[in-house]
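Numbering (the working numbering), first residue to last: 17 to 177. Virtual Cβ for every residue (Gly too), placed ideally from N, Cα, C. A quick note: this is a predicted structure, and the numbers were derived from the prediction, not measured. One structure is given below, encoded as structure tokens.
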């Protein structure tokens, strides 16, 4: 009977109840490209998005609530470089410029995991020429199963229309 009880106890803690490791998200929400991005998956292929000068775009970085994030920009994103101790890979090519950083200061009951995010409202100035391209990638922290480690997100290849 003790064995049956022990098995029942072990089975009742299913993997679905454990928080995944290496989870962070990066989302694009605009008019020309309405929604793009990912939280639970990663690919070394940047996601193509388009924007017009003056168009408002909301960038959402998702990760551990109150933990830091970075947003990097580069002329392109063609590499897939793994870094020790960091989930996923760096896609941005050199030179990389950190255009903003902060902490994930918002939370939502709808976000089960990870629960923190920040939204950045961006409008390209009129000085950005049509046809310009650049890439964006974010980094945040994931705390799944108690392992707090930095995570790189998917990247966006942005084309200005």
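- The bridge partners DSSP lists for residue 76 are 43 and 135.
- Non-local beta-carbon contacts of residue 82 in its own chain, meaning distances under 8 Å to residues more than five positions away in sequence, involve 119, 120, 121 and 132 in chain order.
- Counting along the chain, residue 49 sits inside no beta strand (DSSP E), nor does DSSP assign it H or E at all.
- Inter-residue distance for residue 112 and residue 95 is about 12 Å (C-alpha atoms, whole angstroms).
- Between the alpha carbons of residue 67 and residue 140 lies a distance of about 8 Å.
- The three-state secondary structure of residue 168, taken from DSSP, is strand.
- Inclusion of residue 176 and residue 156 in the CB contact set at 7 Å is not warranted, their separation being larger than that value.
- A direct Cα-to-Cα measurement between residue 138 and residue 146 gives close to 17 Å.
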